[in-house]
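Number of protein chains: 2
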Amino acid sequence: MKDFDFISPTKIYFGLNKEELIGSIISSYGFKKVLFHYGQNSIKKIGLYKKVINSLKKSKIKYVELGGVLPNPDVDLVKEGIRICKENDIEMILAVGGGSVIDSGKLIANGYYYDGNPFDISTHKYVSQKSLPIGVILTNSASGSELSNSCVISSREMKMKQGYNTDLNRPLFVIENPKLTFSVDLHTTGCGVVDIFSHTFERYFCQSDKMEFSDYLAEALMRNVLDNGKRLAKNLKDYNARANIMIASSFSHNGLTGIGKNIMMPIHKLEHELSALNPSIAHGEGLAILIPSWMEICYHLSPAKFVGFAENVMKIDKNIPDYEKIEEAIKGLRQFFSLFKLKTHLNEFGITKDDVQTMTDVIIGKQIKMFDIDSEIDYNLAMKIYLNCLGE
Amino acid sequence: MKDFDFISPTKIYFGLNKEELIGSIISSYGFKKVLFHYGQNSIKKIGLYKKVINSLKKSKIKYVELGGVLPNPDVDLVKEGIRICKENDIEMILAVGGGSVIDSGKLIANGYYYDGNPFDISTHKYVSQKSLPIGVILTNSASGSELSNSCVISSREMKMKQGYNTDLNRPLFVIENPKLTFSVDLHTTGCGVVDIFSHTFERYFCQSDKMEFSDYLAEALMRNVLDNGKRLAKNLKDYNARANIMIASSFSHNGLTGIGKNIMMPIHKLEHELSALNPSIAHGEGLAILIPSWMEICYHLSPAKFVGFAENVMKIDKNIPDYEKIEEAIKGLRQFFSLFKLKTHLNEFGITKDDVQTMTDVIIGKQIKMFDIDSEIDYNLAMKIYLNCLGE
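Chains as they are written, first to last, in my numbering: chain A, 1064 to 1455; chain B, 1064 to 1455.
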């Protein structure tokens, strides 16, 4: 087992109407002035915006608003946020939304203590030493950013999308009310479910280090996502299913299921090139196409782990031959993703063989390994995985 | 699903020789003066005492020593600790040991800010509002106190053993080096393994609220304890097995596997009466006798959950009748506990039917439920569980 350090200090306030406590929760930490950061209109549509304002006012928390965060949040709005925080002596960032809003808030929080371009933190030119505390009200279960150490920000000007990790990015607290996700549509719900699944799936298949603790927990978390994902696909307003998916979102990307292992996320990296090439591909939809393809191309590299996945996660009959188990597991995953009406092949997005060549060049140029920490950097493997996604 | 708040902020530094970093870790938090709190001679025997002193000196951390913590730590030593901390302007408690040392350190940390008898905190006469930070170097995998919010202290003078829970009890950090547990003998190792198993087992069987997330994680954690416990029983110096058990210890009692559920710990409570009556019964050994007995007496109350346990944790053949599955699961657990040469019946400790009567009177007097939050307080059930432990 690999040595490791682990911390996940975020306090979770979970349950119905917990967002109404936001003012008193902020007060309990002693903060009096916050940046109320959010996205577009959805929090107004579901009545959350008003609830937050009312609760802040009730607890005499002063706030400055900054809405307008877009998917793939841009550093320009981050700069605006930092300016507002400095001018108003803001003590805490309150991010109300999903991964994009949280990540935008994270870079504001880190950039507050840095006088240069905050994108320098994303590109590792400057290493953040300090940050403002961040509180979150979660409205979409997907990225896991509410507990994670990661933050992904784009610079449209520089044509870059860049992630960086630091424990300073871990929020102080998150409020999770499953009902706040009831209005998320089938497609977006599915993209979230796939993203959550993938965060643990990719940790599970980092296999250089034997670590039952993490692997068994990973199997458990994936089973939970499968079982409750199926329920959600039938009924988007199933409270218990929403709740199980929401808490799985948080623990799928906080590091728990990767404890004691060398973690790399090849499928996430393959997907980043995909949505960089064609931004109309939602992250989760790209992952849903890539995961089965990656399995088909890679399983011969270490069949035993794939058999374990088939038996313990996908619950495939143990009495059939190993390769059939793996095939059944891949088929089962494809069926699961199809419940959310996600596209299944890249040609449905107009991606061509030439595009595959381009993406493969880029990803191999970044020295990304496709299978495991001990595997080679393999051009052909990357190419095969993408080609296998194209479809007829 | 039940609403909940959850926090587990402790940073884990895990791996070989990590204890040598103790000085620089304390420095990184800005502390300069600590109480070095430990038990008896074992940390000297394994060379840990010297390593700690050397590391503290190297990082110019001043320290005052307080050794001598005994199993079932007493409030008198806690008072001594508080006096030392106050006289020396101690900034942090460094607890080097297992559950007893950590718990003694926790009450010192809380009592530091209270001028009365620290046992008032244990008996809930005074609610702690603030505490000194606690750092831990763990030398035994068992209690889970290194991440938990609980603290159990005895007052020999008042003939009481008393637990209290507060998030202030959660340590700031813990150093976990599996090798530091190599010298723990088979019996004590077994007691630890049973305690770890029980912390999750009891959460799992609190079943009023359906919560796949927690239940699947619980199954995973118990499987890990079974698999690695078996390896440990064969070879007490198996690093990976020690490592998996150590990390399971931490996550078995930090609340993770009880998320979203109403938690009561009936078997722990049955055991407290047992070791109160006869202090020569080690906590884990008492649990090992009680768990199978509790299962035999209670399974008819909710067979489905026991069948799930049999299939998913004990890996009993799914094709045999349900009641056979449960019986096989109980038999399997007894076999597992026997690997550590733990006693199997209470008559081996000289416990009699009269003692059972006494213990049943006490535990029912405390209004403890034997099965689930929705069950009755049932005198006969408690009596049956104890009687079933007696043996021929």
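Just so it is clear, CB atoms sit at the ideal spot from N, CA and C, and this is done for glycine as well.
Computed from a predicted structure; not experimentally measured.
Practice prompt. Anything in chain A within Cβ reach of residue 1079 (chain B), meaning under 7 Å, just list it in chain order.
Written response: Within chain A, the residues whose beta carbon sits less than 7 Å from that of residue 1079 (chain B) are 1066, listed in sequence order.
Worksheet item: Residues bridged to residue 1226 (chain A) by DSSP?
Response: A:1215
Fill in: Under 8 Å between C-beta atoms of residue 1196 (chain B) and residue 1133 (chain B)
Contact flag unset, no.
Worksheet entry | chain B residues whose Cβ lies nearer than 7 Å to that of residue 1071 (chain A) | 1071
Fill in: chain A within 8 Å of residue 1282 (chain B), Cβ atoms only
yes
Worksheet item: At which residues does the alpha helix (DSSP H) containing residue 1182 (chain A) begin and terminate?
Response: 1182-1185
Fill in: Beta-carbon contacts of residue 1214 (chain B) that lie in its chain and below 7 Å, excluding the five residues immediately before and after
1166, 1169, 1170, 1226, 1227, 1232
Worksheet item: If we call anything under 8 Å between Cβ atoms a contact, is residue 1356 (chain A) one with residue 1452 (chain A)?
Response: yes
Discussion item. So that I know if they touch, is there some Cβ in chain A lying closer than 8 Å to that of residue 1325 (chain B)?
Written reply: no
Worksheet item: What are the complete alpha helix (DSSP H) segments, minimum 4 residues, inside the stretch 1094-1122 of chain A?
Response: 1105-1108, 1111-1121
Worksheet item: Taking buried to mean at least 16 other C-beta atoms within 10 Å of its own C-beta, is residue 1091 (chain B) buried or exposed?
Response: exposed
Worksheet item: residue 1385 (chain B): which of B:1363, B:1327, B:1345 sits nearest, CA to CA?
Response: Ranking B:1363, B:1327, B:1345 by Cα distance to residue 1385 (chain B) puts B:1363 first.
Discussion item. Between which two residues does the alpha helix (DSSP H) holding residue 1078 (chain A) run?
Written reply: From DSSP, residue 1078 (chain A) is part of no alpha helix (DSSP H); its letter is neither H nor E.
Discussion item. Quick check on this structure: which residue in B:1297, B:1086, B:1325 has the alpha carbon closest to the alpha carbon of residue 1245 (chain B)?
Written reply: B:1297
Worksheet entry | Which of helix, strand or coil DSSP assigns to residue 1237 (chain A) | strand
Worksheet item: Is the CB-CB distance between residue 1190 (chain A) and residue 1151 (chain A) below 8 Å?
Response: no
Worksheet item: Is the Cβ of residue 1276 (chain B) closer than 8 Å to any Cβ of chain A?
Response: yes
Worksheet item: Ordered along the chain, which non-local residues of its own chain (more than five positions away) have a Cβ less than 6 Å from that of residue 1377 (chain A)?
Response: 1392, 1395.
Discussion item. Quick check on this structure: which residue in B:1334, B:1243, B:1341 has the alpha carbon closest to the alpha carbon of residue 1108 (chain B)?
Written reply: B:1243
Worksheet item: Are there 16 or more other CB atoms within 10 angstroms of the CB of residue 1324 (chain A), so buried, or fewer, so exposed?
Response: buried
Worksheet entry | Sub-8 Å separation of residue 1138 (chain B) and residue 1218 (chain B) beta-carbons | Yes, these two residues count as a Cβ contact at 8 Å.
Discussion item. If I follow the unbroken beta strand (DSSP E) through residue 1159 (chain B), where does it start and stop?
Written reply: It spans 1155-1160 - the beta strand (DSSP E) in which residue 1159 (chain B) sits, taken as one unbroken run.
Item to complete: Kindly list, in the order they appear in chain B, the residues whose Cβ is closer than 7 Å to that of residue 1286 (chain A).
Response: 1279
Worksheet item: Roughly how many whole angstroms lie between the Cα atoms of residue 1405 (chain B) and residue 1399 (chain B)?
Response: Taking the straight line joining both Cα atoms gives about 10 Å.
Worksheet item: Between residue 1176 (chain A) and chain B, is there a C-beta pair that is closer than 8 Å?
Response: no
Worksheet item: Just how far apart, CA to CA, sit residue 1142 (chain A) and residue 1113 (chain A)?
Response: 26 Å
Discussion item. From the DSSP secondary-structure annotation, give me the bridge partner or partners of residue 1137 (chain A).
Written reply: A:1217
Worksheet item: How should residue 1343 (chain B) be labelled, buried or exposed, when 16 other C-beta atoms within 10 angstroms of its C-beta is the threshold for buried?
Response: Flag for residue 1343 (chain B) reads exposed.
Fill in: Unbroken alpha helix (DSSP H) run spanning residue 1275 (chain B), endpoints
Membership of residue 1275 (chain B) in the alpha helix (DSSP H) is indicated by the continuous run 1275-1297.
Worksheet item: Near residue 1249 (chain B), what residues of its chain come up, given a Cβ to Cβ distance below 8 Å and the 5 sequence neighbours on each side ignored?
Response: 1296, 1299, 1403, 1404
Item to complete: Using the Cα positions of residue 1146 (chain A) and residue 1140 (chain A), report the straight-line distance between them to the nearest angstrom.
Response: In a straight line, the C-alpha of residue 1146 (chain A) is about 10 Å away from that of residue 1140 (chain A).
Worksheet item: With a CB to CB cut of under 6 Å and the five nearest residues on each side skipped, what residues in its chain are close to residue 1282 (chain A)?
Response: So the list reads 1375, 1376, once near-sequence residues are dropped.
Worksheet item: Are the C-beta atoms of residue 1418 (chain A) and some chain B residue less than 8 Å apart?
Response: no
Discussion item. Below 8 Å, how does it come out for the stretch 1337-1352 of chain B and the stretch 1308-1318 of chain B: are there three or more Cβ pairs, yes or no?
Written reply: no
Worksheet entry | For residue 1087 (chain A) and residue 1340 (chain A), the rounded distance between their alpha carbons | 44 Å
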